[in-house]
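Below: one structure, written as structure tokens.
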Ligand SMILES: [Zn+2]
């Protein structure tokens with residue numbers, strides 16, 4: 164029989180070995196990100212995702228409280244304001260567009276009514292009539308082939324970004340109104356509900372286009388069939404005009420000077436959107452809860468950004484770091500888009516953007532990096548996570564085209580290698596939809612604060628490793644955005 168002390172001895176050895184395995188690697192050469200505390204990170208998350216901030220919606224007062232909070236955290240961390248800006252703020256001039264209250268369109272023999280059979284989504288007040296010109300889907304070639312002067316252009320609906328191009332082209336060609344025939348994937352009632360809310364856009368500088376734009380329900384394709392078949396039609400439109408209101412929105416920006424004189428003129432941009440979808444009777448709201456707190460989307464990323472600010476300012480990496488908490492992502496990537504078009508320093512100095520945004524998590528052993536394999540910083544992203552015992556997986560649902568659906572794309576388009584760092588997501592399953600854009604997206608007992616803290620650390624450390632790379636990170640050969648990169652960096 165073994166004595167008690169002999170049993171204890173090997174146990175002690177095992178415990179020591181475990182300590183060396185898990186704790187020692189972090190203590191050895193300890194970095195500021197190792198010392199980010201769960202308590203502090205959780206407190207910041209609770210504040211940003213609190214009911215008091217009412218879901219941080221663009222155009223509300225509460226979103227400015229969030230912006231102020233981020234700016235003050237930057238100040239406390241000793242973050243430098245970006246030259247040329249007022250303190251930490253970059254104003255993003257937006258307009259809120261509210262639909263024409265009333266209107267009608269007589270098309271052929273039919274009378275269509277606003278918010279019932281059609282939506283007048285753009286243009287000032289109008290009373291007009293003219294011949295209809297049908298131009299298929301309204302491609303540049305199709306429009307060029309028609310004489311649109313004084314005519315009402317009718318095309319099939321494709322998607323809203325194409326609609327903007329068509330609208331501009333039609334205005335230029337002298338059309339008096341644009342009508343699109345809707346027969347898409349969503350039932351007309353959902354289209355009415357979706358487009359019926361007011362929307363935001365970056366304030367139009369200079370010339371205003373007043374051309375009315377109308378979307379009509381053509382679920383049965385009756386208009387399309389008639390017009391494509393050569394039936395000639397006249398149309399009359401009465402619109403009270405959309406209401407346009409100026410809205411103040413702000414990006415919160417700051418910078419950290421790099422420690423290496425040879426590399427500090429190069430910048431890594433760290434970015435997270437801090438807005439969310441607000442409060443009210445939106446889809447998903449219940450009688451008990453109408454506040455969409457946006458803890459996972461994207462208070463998590465905002466806190467990770469502030470964590471990176473503190474840790475990187477405490478021990479600056481080789482390259483300089485730009486920090487951007489951007490506004491109005493949820494209303495159409497407005498803050499990042501404005502930032503990329505009005506960048507406070509020459510854009511070619513930015514060698515990499517690491518955005519953090521996500522829909523939630525369903526695997527707390529990993530982080531998901533959309534675009535992981537697309538740049539030469541893949542190993543740094545993996546090592547950043549590994550330091551906090553997290554694995555990394557690439558985009559689990561490439562068919563959803565997530566890369567082009569978050570703020571990172573505003574910079575990828577300019578040529579800057581720009582992946583998106585997200586909490587661990589394996590698939591868009593029930594666990595994700597339970598919280599995604601729902602009032603249940605709280606910082607409450609269902610939220611894994613331990614995982615969240617390691618997530619913030621992993622983001623920060625990955626950013627440090629990228630900012631310290633000897634060779635600047637680039638797109639891998641053959642990437643969609645490689646051409647844009649060549650243009651930007653002149654390589
Ligand atoms: Zn988001």
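In my numbering, the protein residues as written are 164 to 654.
Note that the Cβ used here is the ideal one computed from N, Cα and C, for glycine as well.
The structure presented is a predicted model; accordingly, all values stated were derived computationally and were not measured.
Would you say residue i and residue j are within 9 Å of each other, going by their C-beta atoms?
i	j	result
residue 431	residue 345	no
residue 359	residue 287	no
residue 429	residue 601	no
residue 651	residue 416	no
residue 391	residue 295	no
residue 437	residue 471	no
residue 584	residue 464	yes
residue 624	residue 546	yes
residue 614	residue 632	no
residue 262	residue 269	no
residue 670	residue 535	Because the chain spans 164 through 654 in this model, residue 670 falls outside it and cannot be assessed.
residue 299	residue 343	no
residue 474	residue 199	yes
residue 226	residue 453	no
residue 365	residue 291	no
residue 523	residue 223	no
residue 533	residue 553	no
residue 354	residue 315	no
residue 518	residue 499	yes
residue 468	residue 434	yes
residue 271	residue 389	yes
residue 579	residue 513	yes
residue 347	residue 311	no
residue 244	residue 418	yes
residue 617	residue 410	no
residue 621	residue 548	yes
residue 589	residue 559	yes
residue 414	residue 439	no
Considering just the uninterrupted stretch of the beta strand (DSSP E) at residue i, what are its terminal residues?
i	result
residue 267	266–270
residue 319	315–319
residue 407	406–419
residue 293	289–297
residue 310	Residue 310 -> no beta strand (DSSP E), and no H or E assigned at all.
residue 380	376–380
residue 554	554–557
residue 738	Given that the chain is displayed from residue 164 to residue 654, the structure contains no residue 738 and the question cannot be resolved.
residue 362	362–365
residue 343	340–345
residue 595	Looking at the DSSP string, residue 595 is not in any beta strand (DSSP E); the run it does join, the alpha helix (DSSP H), is 593–596.
Residue range of the alpha helix (DSSP H) that residue i falls in?
i	result
residue 118	With the chain covering 164 to 654 only, the question about residue 118 has no answer from this structure.
residue 571	571–575
residue 389	385–391
residue 524	Premise fails: residue 524 is in no alpha helix (DSSP H) and is neither H nor E.
residue 648	645–652
residue 355	351–359
residue 506	Careful: residue 506 lies outside any alpha helix (DSSP H) and carries neither H nor E.
residue 206	201–211
With a threshold of 9 Å between beta-carbons, can residue i be considered close to chain C, or not?
i	result
residue 388	The structure shown contains no chain C, having only a single protein chain.
Beta-carbon distances below 5 Å to any heavy atom of ligand 1 define the shell here; list its residues in chain order, please.
460, 461 and 520
Taking 8 Å as the threshold, find out whether the region 276–285 comes into contact with the region 369–383 through three or more Cβ pairs.
yes
Can you list, in chain order, the stretches of the beta strand (DSSP E) that have 3 or more residues and sit fully within the region 225–261?
252–261
In chain order, each beta strand (DSSP E) run of at least 3 residues that lies wholly inside the region 459–499:
483–489
Between the region 251–264 and the region 232–242, are three or more C-beta pairs nearer than 8 Å?
yes
Taking 8 Å as the cut-off, does the region 453–460 touch the region 214–227 (at least 3 CB pairs, one atom from each stretch)?
yes
Does the contact criterion of 3 or more C-beta pairs under 8 Å hold for the region 479–487 versus the region 406–426?
yes
Three or more beta-carbon pairs under 8 Å between the region 557–567 and the region 198–209, yes or no?
no
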